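Numbering (UniProt numbering), first residue to last: 1 to 468. Step one of this worksheet: look at the structure below.
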Amino acid sequence: MSVGEEIRSERPGTQKSLGTSAARNLATTTKSAPQMQEISSRWLLRTLPWVNVQGGTYRVNRRLSYTVGDGRITFVKTGDSVRVVPAELGELPALRHFEDGDVLGALADRCIQREFAAGDVIASFGSQADEVHLLAHGRVEKVGTGPYGDDAVLGVLADGAYFGEQALVDAETIWEYTARAATACTVLTLPRRDFEQVAAGSDALQAHLQQLRSAPEQRTNKYGEKEIDLSAGHVGEAVIPGTYVDYESAPREYELSVAQTVLRIHSRVADLYNQPMNQTEHQLRLTVEALKERQEHELINNKEFGLLSNCEYDQRLQPHDGVPSPDDMDELLSRRRGSKLFLAHPKAIAAFGRECNKRGLVPESIDVAGNRIPTWRGVPIYPCNKIPVSDARTTSIICMRTGEEEQGVIGLRQAGIPDEIEPSLSVRFMGISEQAIISYLVTTYYSAAVLVPDALGVLENVEIGRWR
Numbered sequence: 001m002s003v004g005e006e007i008r009s010e011r012p013g014t015q016k017s018l019g020t021s022a023a024r025n026l027a028t029t030t031k032s033a034p035q036m037q038e039i040s041s042r043w044l045l046r047t048l049p050w051v052n053v054q055g056g057t058y059r060v061n062r063r064l065s066y067t068v069g070d071g072r073i074t075f076v077k078t079g080d081s082v083r084v085v086p087a088e089l090g091e092l093p094a095l096r097h098f099e100d101g102d103v104l105g106a107l108a109d110r111c112i113q114r115e116f117a118a119g120d121v122i123a124s125f126g127s128q129a130d131e132v133h134l135l136a137h138g139r140v141e142k143v144g145t146g147p148y149g150d151d152a153v154l155g156v157l158a159d160g161a162y163f164g165e166q167a168l169v170d171a172e173t174i175w176e177y178t179a180r181a182a183t184a185c186t187v188l189t190l191p192r193r194d195f196e197q198v199a200a201g202s203d204a205l206q207a208h209l210q211q212l213r214s215a216p217e218q219r220t221n222k223y224g225e226k227e228i229d230l231s232a233g234h235v236g237e238a239v240i241p242g243t244y245v246d247y248e249s250a251p252r253e254y255e256l257s258v259a260q261t262v263l264r265i266h267s268r269v270a271d272l273y274n275q276p277m278n279q280t281e282h283q284l285r286l287t288v289e290a291l292k293e294r295q296e297h298e299l300i301n302n303k304e305f306g307l308l309s310n311c312e313y314d315q316r317l318q319p320h321d322g323v324p325s326p327d328d329m330d331e332l333l334s335r336r337r338g339s340k341l342f343l344a345h346p347k348a349i350a351a352f353g354r355e356c357n358k359r360g361l362v363p364e365s366i367d368v369a370g371n372r373i374p375t376w377r378g379v380p381i382y383p384c385n386k387i388p389v390s391d392a393r394t395t396s397i398i399c400m401r402t403g404e405e406e407q408g409v410i411g412l413r414q415a416g417i418p419d420e421i422e423p424s425l426s427v428r429f430m431g432i433s434e435q436a437i438i439s440y441l442v443t444t445y446y447s448a449a450v451l452v453p454d455a456l457g458v459l460e461n462v463e464i465g466r467w468r
């Protein structure tokens, strides 16, 4: 070989060995199992005590309670104009169970829209209450007088609330607190004189109000339950009262809800492409994961049994300054005994952490199944991305007591169903179609029940986008 030929053979860029792309044709590739970004921690499913339900229905028996107008009012907005939905006026105590749509529509037409800026006084303590206010948008503080003459915030109202409702039936009533706008507010006001004018033209409404005034006053405890007559501290031969405990005549029943899908796999895939991983097994695994994610979403958001929808109105709180402060979390805890856990969107937990940082507070954390979970007053705050975040960057924080023995919140399911792979979750073979497609019915049954109202509380309209 000449010198020139030797130089040409070692010219740069000339491949001297087998390339990796060709070598891969003879190699065994190491692969991961199929991954899925949707999978979350699902702390609600892991921490909720589950009660086995036979027959698919769970009945919650309670002491008889007398409830009056403890719901929220819905509005419709057209441009800058806001109008109350007429049927929603039935949430007011004076109109409870009144269903004449024409009369309710006439009352809705009499509502006057008013705008208030932050700091404006809507109603003053001690003045005559001659109108009811329906809060369409904003936050209103109920301000009273403290023991030393200073202002004391008695509560915070938000969208859908109402105040001054006693003015519709009592001409002598006065404001027992000052209602002050904490933010810009849109309020619909119904004066008593307009209410009386509509009532004068409606025999049905007059009869309803007469029945309301003549109804005997029910003796209840502070929870609205029928009072049990007792005697204590007596001496001698005092007459001991007799009593009995009355129950609700139509207790609520929770039927198990269902989430299911049909998984389809072609027989050729199931037969030929099962090494080193079983295709059917991993298809089922990812389908079950998606089903569990949907199950937790329903337990939070379902209109029938979801936690956000089933929290009583008097257990719903509003943050005093919009952001989730330690004071608001303390108030949420104070509404119930034996709180077991908080549930909050991760962004709400971050917002609460910022408020703690501003005050120099460092919440403790605990170890739960190898995870560091923040706590407040010893109660763990579990992240839950199923709690919705609104377009206005607000969300909710849930606090609850759990367990059947504690009269708390419980999960419902039925174990022992056919083809069960986990309690209340089954995978049932449905057969093979003429196109050689194998079908499996994947099903899970579940629900949730709140045994007594104070077992569940919600801090609503928590702002998560404010930085300062």
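All C-beta atoms in this analysis are idealised placements derived from N, C-alpha and C, irrespective of residue type, glycine included. Quantities reported herein were computed from a predicted structural model and do not represent experimental measurements.
Can you tell me whether residue i is helix, strand or coil according to DSSP?
i	result
W175	coil
R114	strand
P380	strand
V269	helix
M430	strand
K31	coil
G144	strand
I417	coil
R193	helix
D314	helix
L441	strand
R388	In the sequence as presented, Arg is not what sits at residue 388; that position holds Pro. Note: P388 maps to coil in three-state DSSP.
I300	helix
V169	coil
Per DSSP, residue i is paired with what?
i	result
M400	L341, L456
L44	DSSP output for L44 lists no bridge partner at all.
H137	T186
K16	Answer is none; K16 lacks a bridge partner.
V84	F75
A449	I410
V156	E141
F163	H133
Given residue i, which residues of its chain have a CB within under 6 Å of its CB, disregarding the five upstream and five downstream residues?
i	result
L45	E296
L48	G411
V258	Y445
Thinking C-alpha only, which one of the options is nearest residue i?
i	options	result
L284	I432, P34, H320	P34
I438	M430, A449, T444	M430
E312	A207, E172, T30, G457	G457
H208	A108, P93, A23	P93
K340	S334, V379, E289, N310	V379
P383	F342, G19, D391, P363	F342
T243	K226, G236, G233, H234	K226
R59	F195, E255, R337	E255
Counting C-beta neighbours from all protein chains within 10 Å, is the total for residue i 16 or more, i.e. buried, or is it exposed?
i	result
D70	Legend: pLDDT at D70 = 48, less than 50; position of this residue unreliable, no value from coordinates given.
K142	buried
F75	buried
E38	exposed
I387	buried
E253	exposed
T443	buried
D328	buried
Y177	buried
W43	buried
Going by beta carbon distance, what residues of the same chain come within less than 7 Å of residue i, once the five residues before and after it are set aside?
i	result
A348	P324, T395, I397, V462, I464
D130	A167, P191, R192
For residue i, I'd like the list of residues in its chain whose CB is within less than 8 Å of its CB, leaving aside the five on either flank, ordered along the chain.
i	result
Q407	R401, L451, V452, A455
R372	S365, I366
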